[in-house]
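Everything in the sequence shown is counted per my numbering, starting at 710 for the first residue and increasing by one. For each residue, glycine too, the CB sits at the ideal point set by N, CA and C. What you are looking at is a predicted structure, and each value in this text was computed from that prediction instead of being measured. Right, one structure below, let's go through it.
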Amino acid sequence: MADLNVATVMSLSGRVGLITGGGTGIGFMIAKAFAANGAKVYITGRWLDVLEKAAASITGVPGSVVPIQMDVTDEESVKAGAKRIEGVDGKLDVLVNRSVSCTTFVPELPVPFVTQIFFAKKSAAEDHFQPEMVQTWADIFALNTIAPFFIVRAF
């Protein structure tokens, strides 16, 4: 404990990080913070132009930001990203799974319907939940639950 220094306790100098969804929002802010503290940060997402713009905007910091196009719901895309990072840096010190979706896919439901669902009336659910809602739910589940598994397994 004696070797802890307030000035360097948050240093990420020499560390390599990966932030999925690092091109925008909270993921982008985490990437900026990591780079400001000396880390080499890989940011991933589906749109390379967004990632490149984000990486180019982070300047004047001791760390660096490297954009990699990667679809976290596609295991082969994740493996390719992992291979690239391992080939260049040989390690990954920090992983932030930030690719998420919070899409609302449940339509406005009337109170009587909610009451029917609460009491498990199958016909009420069949009348209000459309088939495309199932696919939307599956896509959100894949992004928020299965994708982090792919990432962790790849590294």
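- In this structure, residue 751 places its C-beta atom within 7 Å of the C-beta atom of residue 775.
- When secondary structure is reduced to three states using DSSP, residue 776 falls in the strand class.
- Membership of residue 787 in the alpha helix (DSSP H) is indicated by the continuous run 784-798.
- When secondary structure is reduced to three states using DSSP, residue 845 falls in the helix class.
- Secondary structure note for residue 760: its alpha helix (DSSP H) is the uninterrupted segment 757-766.
- Segment contact: the segment 722-737 against the segment 801-808, three or more CB-CB distances shorter than 8 Å; contact assigned.
- At the C-beta level, residue 721 and residue 765 stay beyond 7 Å of one another.
- Taking the Cα of residue 777 as reference, the smallest distance to any Cα among 863, 799, 761, 742 is reached at 761.
- With a cutoff of 7 Å on beta-carbon distance, residue 851 and residue 787 are scored as not near each other.
- By the neighbour-count criterion, in which 16 or more other beta carbons inside 10 Å mark a residue as buried, residue 737 falls on the buried side.
- DSSP, read as helix, strand or coil, puts residue 806 in strand.
- Within 10 angstroms of the beta-carbon of residue 856 lie 16 or more other beta-carbons, which makes it buried.
- Under DSSP, no beta-bridge partner is assigned to residue 723.
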